[in-house]
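Take a look at the structure below.
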Amino acid sequence: MKNSFKKIDFGFKKININKKEKLVNNIFNSVSSKYDLMNDLSSLGIHRLWKQELINSIAPQPNQALLDIAGGTGDIAKNFIKSGGLSADILDINYKMLFYGKSNDNRLRYIVGNCEKLPIKSNAYDRVTIAFGLRNITNRQLALNEIYRVLKPGGRFICLEFSKVNDDIIKKFYDLWSFKIIPKLGRIITKNEDAYKYLVESIRVFPDQDDLSSMLVKSKFERVKYKNLSSGIVALHSGWKF
Ligand code: SAM
Numbered sequence: 000m001k002n003s004f005k006k007i008d009f010g011f012k013k014i015n016i017n018k019k020e021k022l023v024n025n026i027f028n029s030v031s032s033k034y035d036l037m038n039d040l041s042s043l044g045i046h047r048l049w050k051q052e053l054i055n056s057i058a059p060q061p062n063q064a065l066l067d068i069a070g071g072t073g074d075i076a077k078n079f080i081k082s083g084g085l086s087a088d089i090l091d092i093n094y095k096m097l098f099y100g101k102s103n104d105n106r107l108r109y110i111v112g113n114c115e116k117l118p119i120k121s122n123a124y125d126r127v128t129i130a131f132g133l134r135n136i137t138n139r140q141l142a143l144n145e146i147y148r149v150l151k152p153g154g155r156f157i158c159l160e161f162s163k164v165n166d167d168i169i170k171k172f173y174d175l176w177s178f179k180i181i182p183k184l185g186r187i188i189t190k191n192e193d194a195y196k197y198l199v200e201s202i203r204v205f206p207d208q209d210d211l212s213s214m215l216v217k218s219k220f221e222r223v224k225y226k227n228l229s230s231g232i233v234a235l236h237s238g239w240k241f
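See below:
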């Protein structure tokens, strides 16, 4: 099928595949200045604990170079450096997201680019991370292939992403919070309720823990595993390149 006729999820809607990148970009353009505040409010601050779990799972070392993909305002990269990592490159397709998180720390480097075609040589990084980025990407398998390519042999990839909740009571509360409260918060804080409707819906149509693991295996990652956090509201997936 010609690419221009292929359909893809955009939240609960189906759209033409070549429209997703632009629509996602519009969303992050519109919320970038309030993105960090909205993360704190919409997750009641819990996103910080999830991100800390990701950093703990890396246990940064003074000889490790990190690439944080879809890095946005740079939480992961900054924490990696603070926790003892050598250097961190933050890549995002959206200049404004990088701009609002910009720090003058010379161990951090900012790259505007698309993770489906990384502007980076092969075998370059000890660790690659992506936090809450993968579900916004049009061709996720291509992105995973690229991540594999830029990792050094012996390097590890860690992905933090919303996933499938495995506790019925938590799911009830979580659905209520997601569909009734978060879009309203989005309207008040960013004046863009639709952006947060998309973000909430996109979580529900994202591959679950096992399907995402299979995608990592398909991109040749080895020793693929995952750990649920907060009853599977998010999951930490990881895989090695050998
Ligand atoms: N990692 C940050 C965090 O955890 O707070 C930001 C996550 S934000 C939900 C998703 C980010 O993915 C946005 O900054 C967006 O611009 C970026 N993004 C979306 N598509 C991308 C692509 N194809 N390549 C690189 N970045 C992309």
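First residue of the sequence shown: 0, per numbering that gives the first Met the number 0; consecutive thereafter. Backbone N, C-alpha and C define an ideal beta-carbon position, used for all residues, glycine too.
Discussion item. According to DSSP, is I119 part of a helix, a strand, or is it coil?
Written reply: Here residue 119 refers to the residue found at position 120 when the sequence shown is read from its first residue. DSSP places I119 in coil when its eight states are reduced to three.
Worksheet item: For S29, which residues of its own chain have a beta-carbon under 7 Å away from its beta-carbon, when the five flanking residues on both sides are left out?
Response: For the purposes of this step, residue 29 is identified with residue 30 of the sequence shown, where counting begins at 1. Same-chain partners within the cutoff: T189, N191 and A194.
Worksheet item: Does the beta-carbon of S121 have 16 or more other beta-carbons within 10 angstroms, so that it is buried, or is it exposed?
Response: Within the sequence shown, the letter at position 122 stands for residue 121. Exposed.
Worksheet item: Does the distance from the CB of E200 to the CB of F27 come in under 7 Å?
Response: Within the sequence shown, the letter at position 201 stands for residue 200. Within the sequence shown, the letter at position 28 stands for residue 27. Contact flag unset, no.
Discussion item. Please classify R134 as buried or exposed, where buried requires at least 16 other C-beta atoms within 10 Å of its C-beta.
Written reply: Indexing the sequence shown from 1 puts residue 134 at position 135. Its Cβ being crowded by 16 or more others within 10 Å, R134 is buried.
Worksheet item: Do three or more CB pairs link the segment 64 to 77 to the segment 217 to 226 at distances below 8 Å?
Response: no
Discussion item. For a test of your reading of the model: does the CB of V30 fall under 6 Å from any non-hydrogen atom of the ligand SAM? Yes or no.
Written reply: As a first step, residue 30 must be located in the sequence shown, where it is residue number 31. No.
Discussion item. Let's see if you can read the secondary structure: which residues bound the alpha helix (DSSP H) around L107?
Written reply: Looking up residue 107 in the sequence shown gives position 108. Run containing L107: none in the alpha helix (DSSP H); it sits in the beta strand (DSSP E), L107 to V111.
Worksheet entry | Cα-Cα separation, S32 to S237 | For the purposes of this step, residue 32 is taken as residue 33 along the sequence shown, with counting starting at 1. For the purposes of this step, residue 237 is taken as residue 238 along the sequence shown, with counting starting at 1. One C-alpha to the other measures close to 30 Å.
Worksheet entry | Cβ neighbours of V233 in the same chain (closer than 7 Å, five flanking residues each side left out) | Counted from its first residue, the sequence shown places residue 233 at position 234. Counting only Cβ-Cβ distances below 7 Å, and skipping sequence neighbours, we find W49, L159, E160, F161 and S162.
Worksheet entry | Contact the segment 179 to 186 vs the segment 104 to 113: 3+ CB pairs below 8 Å | no
Discussion item. Which residues does DSSP list as the beta-bridge partners of V127?
Written reply: Position 128 of the sequence shown, counted from the start, is the residue given in the question as residue 127. BP columns for V127 point to L66 and F156.
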